[in-house]
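A quick write-up on the structure given underneath.
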Amino acid sequence: MRVLLSISPLFARKVALLLTLVVLGFVFLSVGGLLAVRALEGSPLQGAATEFYNAFNANREKSFPNLYSAYALLLCSFLLGLISLARRTDGARYVAHWALLGVVFLYLSVDEALVIHEKLISPLQSALGTDGFLRNAWVIPGAVAVLVLGLAYLRFVLDLPAGIRSLFVIAGAVYVGGALGMEMVDGYYQSVFGDTLGQELLTNTEEALEMLGVVVFVYALLMYLSLRAEKIEVMPDPPAGGPRGGSGTG
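For what it's worth, the working numbering labels the leading residue of the sequence shown as -19, then goes sequentially.
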């Protein structure tokens, strides 16, 4: 038994455009809800505005943007697993790298759904006594994990086709810039000014960057699949069977 998939660059672009529009819509609704809550404070409509904002707050557990982010990361994990299976079929290099990256994104999906890293902030902050840029103390182990993963995957990234490599770097820079960079800026701002409108806008910016980074990564993975072969063979026939899909390194 075998499963053949055919993914075109046009399909990859359409998916990326759709996801980008979804992300921009969520950002608009999240920021709009935030501003509505502030503008309607003390009015009879404040309760309704708060409920709306809670539903679309990009930084709130079980909100629509939060659930979208979890599923988008899960999609990345699925695509990485698909690539790993396809690479194993044609005997290419870096099968384990693709598979491990799929596991990483599976964890990120679970973390996003359950907001695990947010629950580590208070215990780590109490244990380490951090403030300012390190107020959200989970960024310390997060930065270490990113550094280790970056070093472990340096050769892997360098061996990717040039266009895909650029997309991987852009996706990583945007996602990590949001998840770690903006989180540190947010921590510093919160230390100085407290929980203000500005701080909540920074949080929305952080989530927007994370979601956009994932969109770029989904696009990169789909483009990679489209470049590897016209048809991707995921479940090959027995050794005496038919043609194998794809070839090459990466």
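Note that the Cβ used here is the ideal one computed from N, Cα and C, for glycine as well.
query	result
Contact under 8 angstroms by Cβ, V196 with A132	no
Every unbroken alpha helix (DSSP H) within the region 45 to 129, with a cutoff of 4 residues, ordered by chain	75 to 94, 96 to 99, 101 to 108
Supposed contact pair A29 and S10 - C-beta distance, whole angstroms, cut 8 angstroms	About 13 angstroms; that fails the 8 angstroms criterion.
CA nearest to the CA of Q179, picked from V165, A19, L53, W78	V165
Extent of the continuous alpha helix (DSSP H) to which K(-6) belongs	-11 to 19
Helix, strand or coil at N184 according to DSSP, with G and I counted as helix	helix
L201 beta carbon less than 8 angstroms from that of L59	yes
Neighbourhood of Y204 by C-beta distance below 8 angstroms, restricted to the same chain and skipping five residues each side	I63, L140, P141, I144, G230
Same chain, Cβ closer than 8 angstroms to L160, neighbours up to 5 away in sequence not counted	V119, G122, A123, V126
Sub-8 angstroms separation of V137 and G193 beta-carbons	no
Cβ neighbour criterion (16 or more within 10 Å) applied to G221	In this prediction, G221 scores a pLDDT of 49, lower than 50, which makes its location untrustworthy; no coordinate-derived value is stated.
Inter-residue CB distance, S43 and A35 (contact presumed, cutoff 8 angstroms)	6 angstroms
Cα-Cα separation between T185 and G158, rounded to whole angstroms	7 angstroms
Cutoff 7 angstroms; reference M243; Cβ partners in own chain excluding five residues on either side	With the chain running from -19 to 230 in the structure shown, residue 243 is simply not present.
CA nearest to the CA of G61, picked from R208, A72, H77	H77
N- and C-terminal bounds of the alpha helix (DSSP H) containing R135	134 to 138
Rounded distance between the beta-carbons of A52 and M191, thought under 8 angstroms	7 angstroms
Cβ-Cβ distance between R135 and G167 below 8 angstroms	no
CA nearest to the CA of E41, picked from F6, E92, V156	E92
G143: first and last residue of the uninterrupted alpha helix (DSSP H) it sits in	142 to 156
Alpha carbon of S89 to alpha carbon of L100, nearest angstrom	17 angstroms
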